[in-house]
Structure formats: C-alpha cells, structure tokens
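In the numbering used here, the protein residues as written are -9 to 525. Comments concern the structure below.
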C-alpha cells in the first residue's frame, strides 16, 4: 500500500468542497457574479418590493401580520452566556447586555425588540438585512467605554443586497451595480428557509401574490355587481300604441325616480320594482374573495384548520390551531435570535478575541399559573408533602402580605376527627359549626378519662386526639409506604412486586384497604415530587 501517495491524496481534498457551483455541469449560475433571485414573482415582474408593499397593504394581510407581530412582542428577551463558568464569556455577556441597554438602534427605531421583529419579518420577504455602524464607544460606563461596538443598526431595503453563487453578500451601489463584496460584519442577514441553492430564502408574500391578485379582481366585479344589482329595478309598463313622446317622458320619470324616490306617470301606466335574487348563501364574487383571504392566511399563519372552519365553534380545533401557531411563531423568533446572536459574535470577536464563546439572545414569556396549579399545591399540602409557600406565591404571581392587617386569611374550620368503628358524631351540629359528641361517645374514646383528669375540655380533647391520629397514621402507614415505593423505584422493581410485598409492611388488610393504601401512597409520592420541583 502506497501510504505516501495516500497522504498526498488526502492533503489534496482536505478542507476543499467538491460539489461547488463552478463544478456543476448544469451550473450556468456558477459563472455569474450575482446569483439571481429564484423567486418566480421576481423573475416575472422584477418589482418585488413594490408588489410586496401592495400585498401588505391589503386589510386581511395586514391583520394577520399584526396578529403575528403582537404575539412576537408579547415575549421578553434576555442575554445568556455562551459558556458557563467562563469568566471571559460572562464578561462578553455583560458587555452585550450593557450595549442593548445603552445604545439606541437608530433615529427611527428606539426599541431593540422592534429590531428583532424586523429580522423576523424575513419570513415575509425571504431575507432582511441590517447594517451595523462600528465605532469605538465612549461612555462613563466602564463596561462599554473604549469598546468597539455598533453605535447604530439600520434596516436596509432588500434591493440593496444580492448574493453570489456561494451565498456571500453583495452590496448594490452606484459604483457597483452588479454588487460589491463586503465583510461579514458589515451586514447582518436574516433568512427564512434559505438553502445553498437559494440564499434569498422563501418569501411568504410571494405565496400570497396570486390569491391577492384574484381577490383584487374579485373586488372589482363584486363592486360592479352591487352597483348594477344592489338596487331594485323600476319597470314601467305602457299600453300598446303609446306614442314615442309619452314613452320618453315615462323613461325620464323612472330615471328621476332613482334620485327622488317617486315618479308621476300617466293613468293606465304600471310601475313595479324587480329585486334580483341570487342562488346560494354567497355570491360567486364574494366566495372568491373569501377563498383568497383563507389562502393568504394559510400562507402567513400556517393555519389551514382555522382558515377552513367558517362559523364553526370547536374548542378542540382552536386549541390545536393555537398550539400549531405557537410552534410556527417560535420558529420565526429563532430567526431573530440567531441574527442578534450573530451581532453578539462580532462584538465578542472584536473585544475579547476569537476563542471566547459569544453570548446569545433567548426569548421567554412569563406565564402565571392558574386555579389548577393552586389546587395542586393545596392537594400536596393535604397529603403532607409540605410544598413551599413562597414558590407557590411566586408561581401564581401573588405578592405576600407584609402586614397581618393586609393579609387574606383562610376561613377557620372545625377540626374533623376520625372515630373508632361504632362511634358516630352527633347529627345536629351546634350553632358555631363545631362537631360535638355525646357523653356515651366520649366515654368510648380511649384516653378520655385521662384527658378529663388533666383538665382538658371536650373540644380540646377531640382536637388533640384527631391531631395525634393523623400523625400516627402518617408515621406508621403512609411514610413507610412512600419510602418503600421510592426504594423499589431505585431498585428497578415492578409495581406488581411492590403490591405483593406491601402486605408484609402494613399487616393484614383486605383487598379494598390494601388498594386504598397503595393509591394514597402513589398520590402522596407524586405530589411530593411535584412540590419538590416547584421548590
């Protein structure tokens, strides 16, 4: 085996791509300085910006876009470090965070979240380009002072940028009508579904072109229909042999009738109003407009179900549609997050060097828990899992009262006691709501004689007995069962084995009692785990 020749052969192709545009046998575009946009709308018209602006001016389209924008801006963002436990990476995060807080994007846009929305609108036009202006920043903040930062970030029109066969960005200017190569840090390019073959990305507004065109034509004929057939037609009847002059005067009276609302005609002449009737619940022109609106909504929001369900109220369909829309919106936010992270990578490179991991942008939304979560905490408390009160209030978004006078306290309830078999509480409760027992019932309780001898009242003795019973049941039954359940889970044993061995722990119980203990222990363990996660 010729190892020397093999090594020389490997060196010849290491780090070199093979299937390049230049080597493509069908690669006519590989020899071009500027790769044309493969969008069929651009090829056919060459006026994408003008057409896209016209489509976005449509009332239905702008309504969908505003809905998407509102959901986008409902999220907050934060800067996260590129690598934990790395002092330089943490310093880069602090720099980028301070940069967002101190630097205004440009004179028109004062909100960085709006810049991120502009980046996310690459889904509409295929790509968006932002130009950073780099300068040495002067500030009283020591984190920012003397750092090379973009002092402005401008959103530029897409017509000013093109891409070559390798996806490199080219700037279109007066001196370079075919495109001038620029450095990567001079343009932050956001793309939607871009590929090596199509670096311009997939524009959703291009998919709306034909529905928008047909809708515009449909409106024209719909208006004509309303003009012609929206009002009743006055029909005049005259006797045979009527002179032409009388017919002309009758026609003139009908024409004036459209403005004045009445007509004066000769005796023997009849006038009636004909109202046009259309078959079906919707006119063809109206149906065309409605269909075009639904097609554009599917392209913009990816919601086929919501667009097709006309006048149908389905909770399940709405929940599925909302979940799908949330997934699509998350993907759109990823475009903005990646573009901002690219800007942070250049800031980190210029100020900390190439070996420091750059920070990233992360979107999040503060969700407040509702009634279901509060009931889970209450159930965990009743099962003895001891959930955190502070964690519960934070999750529910409820501030804790600083003073007792301002606190909402739970209603006081009488202590309910579990009595031995055969001992029942008095059926008629007293006025204050507390449970009372007869003398015979109290004498049947173990330890009652001792309770009376130490001076306890009846109610105090019952409350003390109930509390002692709860503690004893938890100590002797549920806590050991729970510990046994955790141990069996660690050992990898099955639930059937747990059920078989449980009788040795709790003693002689019938099937119903054994089943209740197992179910209570499983619920106890599950709720304790949920409460621990909340802490």
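The beta-carbon is built from N, C-alpha and C at its ideal position, and this holds for glycine as well. This one's a predicted model, so the numbers in the text were calculated from it and none came from an experiment.
C-alpha of residue 247 to C-alpha of residue 63: approximately 56 Å in a straight line. The beta-carbon separation of residue 195 and residue 42, rounded to 5 Å, stays under the 8 Å limit for a contact. A direct Cα-to-Cα measurement between residue 381 and residue 192 gives close to 45 Å. Taking 4 residues as the shortest admissible run, the stretch 62 to 145 contains the following complete alpha helix (DSSP H) segments, listed from N- to C-terminal end: 77 to 92, 102 to 110, 112 to 115. Contact between the stretch 273 to 286 and the stretch 199 to 208 is present, with at least three C-beta pairs closer than 8 Å. The stretch 159 to 173 and the stretch 126 to 143 do not touch, with fewer than three beta-carbon pairs separated by less than 8 Å. Contact fails between the stretch 140 to 160 and the stretch 222 to 231, because fewer than three Cβ pairs, one in each stretch, are under 8 Å apart.
If you draw a straight line from the Cα of residue 278 to the Cα of residue 106, it is about 36 Å long.
Contact between the stretch 107 to 121 and the stretch 321 to 338 is present: 3 or more CB-CB pairs across the two stretches fall below 8 Å. Here DSSP, grouped into helix, strand and coil, assigns residue 388 to coil. Counted as a single uninterrupted DSSP element, the beta strand (DSSP E) harbouring residue 352 occupies residues 350 to 354.
The secondary-structure analysis by DSSP pairs residue 159 across a beta bridge with 153. Between residue 341 and residue 138 a beta carbon distance of about 6 Å is seen, short of the 8 Å cut, so the two are scored as contacting. Relative to residue 166, the option among 179, 152, 178 whose CA is nearest is 152.
In this structure, DSSP gives residue 226 an extended state, which the three-state scheme calls strand. Residue pairing by DSSP places residue 178 opposite 120 in a beta bridge. DSSP places residue 168 outside any alpha helix (DSSP H); the residue lies instead in the beta strand (DSSP E), whose first and last residues are 166 to 171. The beta carbons of residue 363 and residue 386 sit about 7 Å from each other, so the pair counts as a contact at 8 Å. Proximity of the stretch 79 to 98 to the stretch 343 to 350 meets the contact definition, three or more beta-carbon pairs being nearer than 8 Å. Burial check for residue 388: the Cβ neighbour count within 10 Å stays below 16, so the residue is exposed. Sixteen is the threshold: when 16 or more other Cβ atoms of the shown chains lie within 10 Å of the Cβ of residue 291, as they do, the residue is buried. 89 is the residue among 475, 51, 89 whose C-alpha sits nearest the C-alpha of residue 140. Under a 10 Å Cβ-count criterion, residue 238 is classified as exposed, with fewer than 16 other Cβ atoms of the shown protein chains found around its own Cβ. Taking a C-beta distance under 8 Å as the contact criterion, residue 383 and residue 178 do not qualify as a contact pair. Classified as exposed, residue 171 has fewer than 16 neighbouring CB atoms from the shown chains inside 10 Å of its CB. Taking all protein chains in view, the Cβ of residue 85 is crowded by 16 or more other Cβ atoms within 10 Å, so the residue is classified as buried. DSSP places residue 192 outside both helix and strand once states are collapsed to three, so it counts as coil.
For the set 243, 391, 96, 87, the Cα lying nearest the Cα of residue 69 is the one of 87.
Note that the C-beta distance between residue 67 and residue 353 is below 8 Å.
For the pair residue 180 and residue 109, the CB atoms are nearer than the 8 Å cut-off. The residue from 124, 75, 120, 470 with its alpha-carbon nearest to that of residue 329 is 120.
For residue 44, the uninterrupted alpha helix (DSSP H) segment begins and ends at 38 to 46.
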